[in-house]
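Heads up: the structure comes next, in structure tokens.
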Amino acid sequence: MFVAAALLLSPVLIPPALPARVASAFLPQQEAGFESLQAELAKRTAARRKAASEAWIAHGPAYMKQPSKGTMAPLLEVAPEVQDPLLKALHQRLDAKPIQVNEVQTLLFLLQQVVDPGGASRLLDALDKLPAANRPDVLRNAVARGNQRTIAAARLYLSDQDPDLREAALESLLLHDRKENLQELADRIDLKQVNPELFSLTLEELTGRELPEDFRLPTSVWETEQKLIRGSLATFLQTHPQEDSETFLIALALDESQSLPQRQRALDAYVVGGNQFRWKAGVRDLERYLKDGNRDKASVAVAWALHHLGERRGRRFLLAGPEEKAKRNPDDWQVQLELGRMQVDVSEFADAYRTFKRTFDSIDNTPIARRLQPLDYLYASRAAAGSGHRREAGDWLSATNLSRQELAPYRDLPEYADYLKRDPFSRLFPAPAE
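Quick note, in my numbering, the sequence shown goes up one by one and the last residue is 1267.
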């Protein structure tokens, strides 16, 4: 409706080329329409506020007595207007002597579910009156739900005497302030002054934020020993790589005291940021880790990282086990197909094609052939496509008997790029818009 009001007032509805006497004929109608719209909006707003006030009178006592999903539900139905009686009730409690802390916290819990930008600003204005324990959470909530006025006001707390308020202001502003302010905020980060759990959550959320191209966390963060923060830093670096993080990531990836998921996050981040690491000292450390004879789950993850970075040692490590097993079991068709799948996964398509072709020929016209799975044919098709054997690639893709929707995830694999306009690939793969 606000859009409609703006359109009614817009001068583009009266072309400047019209004579003044013609244009003036529109004005009374415009003014009347605007006044009518204003009256209708005021009427509806008043009705919503009245409904919220009545809901608070009817259901507020039950909620205050026993806060729960059930007692909260009828009040949530009249959000955000219910924030008005809630804020009034909050100020009444804050002005009482002594303050009933439990009641204040009960009101704050509901308020933080229902405030709109206007309510967030009013809530922030009351921050200094609140019990100290509640101020950081209220500040975070107000910034998250507020407008630029609220965000600007929250910046005052970056220098507050209360360290918890300073942290709440810094972390919430990192998530919601204007992009051009983020580097100045990042420069304030001091891991000695933060709650590891809360800061880790901030880093996780910051992963999804658009940051300035030259955004950099302070170099001091790479020295942290906090496991939670180290893991969140690795997650952050998967989206926002930084050239000075190489030593941190490699140390985390090769630290045997860390969990495998933690080490995997570090390796993933290292692969993403690989182009930024000038000297690639980390690559040598990863290669040395494999050369020392490590053959655990972490070493497989290290090998995959090296492979994705284009390093031959990673590919050789991944192939070594399946190749040795295939040599020991030349007549085991399942072992041979395992080797073929690994050869495809590391893009050794010519070798993979020979492995699949030899194995399929060996079991052709035998009962074993009926035990082949769609995935076996799919890998064989990829091997054939990647090595330039278009006919077998098409035949084996057809043999999967997978639907177009089931094959959709494989359409954009690079090995199929040259064949998509040709039959049977054009028939088996869905079009991009499908």
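Even for Gly, the Cβ is constructed at its ideal location relative to N, Cα and C.
Only a predicted model underlies this, so the values are computations on that prediction, with no experimental measurement involved.
Per DSSP, residue 928 is one residue of the alpha helix (DSSP H) stretching across 916 to 928. Judged by their CB atoms, residue 917 and residue 965 are not nearer to each other than the 8 Å cut-off. Membership of residue 1068 in the alpha helix (DSSP H) is indicated by the continuous run 1060 to 1072. In this structure residue 987 is in contact with residue 957, their Cβ atoms being roughly 7 Å apart against a cut-off of 8 Å.
No Cβ-Cβ contact shorter than 8 Å links residue 1192 with residue 1176. In the DSSP assignment, residue 904 falls within the unbroken alpha helix (DSSP H) covering 902 to 909. In this structure, the beta-carbon distance from residue 1122 to residue 1151 does not fall below 8 Å. Residue 976 sits away from residue 963, with the two beta carbons spaced by 8 Å or more. Short of 6 Å from the beta carbon of residue 1225, and not among the five residues preceding or following it, lie these beta carbons of its own chain, in chain order: 1217. Rounded to the nearest angstrom, the gap between the Cα atoms of residue 1033 and residue 1001 is 13 Å. Rounded to whole angstroms, residue 1104 and residue 1070 show a C-alpha spacing of 10 Å.
By the Cβ test, the region 1128 to 1135 is in contact with the region 1091 to 1100, since at least three Cβ pairs between them sit closer than 8 Å. Following the DSSP letters along the chain, one finds residue 1169 inside the alpha helix (DSSP H) bounded by residues 1166 to 1178.
Our two residues, residue 1256 and residue 1184, have alpha carbons roughly 25 Å apart in a direct line.
In chain order, 1182 and 1248 place their CB closer than 6 Å to the CB of residue 1219, counting only its own chain and leaving out the 5 sequence neighbours on each side.
Nearest C-alpha to residue 1154 among 1139, 1164 and 1171: 1171. Boundaries of the alpha helix (DSSP H) harbouring residue 1258: 1258 to 1261, taken from the DSSP string.
Put simply, the backbone Cα of residue 1008 is about 9 Å away from that of residue 1015.
In this model, residue 951 and residue 980 are separated by some 8 Å (Cα to Cα). As summarised for the region 936 to 966, the continuous alpha helix (DSSP H) elements at least 4 residues long and confined to that stretch are 950 to 958, given in chain order. Taking a 10 Å sphere around the C-beta of residue 913, we find 16 or more other C-beta atoms and assign the residue as buried.
Less than 8 Å separates the beta-carbon of residue 978 from that of residue 953.
Apart from sequence neighbours up to five positions away, the residues of its chain that approach residue 997 with a beta-carbon distance below 7 Å are 969, ordered along the chain. Residue 1258 and residue 1204 have their C-alpha atoms some 24 Å from each other.
Spatial neighbours of residue 1241 in its own chain (CB-CB distance under 6 Å, excluding positions within 5 residues in sequence) are listed in chain order as 1263. Annotation: residue 908 to residue 875 spans about 22 Å, alpha carbon to alpha carbon.
As the crow flies, the alpha-carbon of residue 1048 is around 42 Å from that of residue 905.
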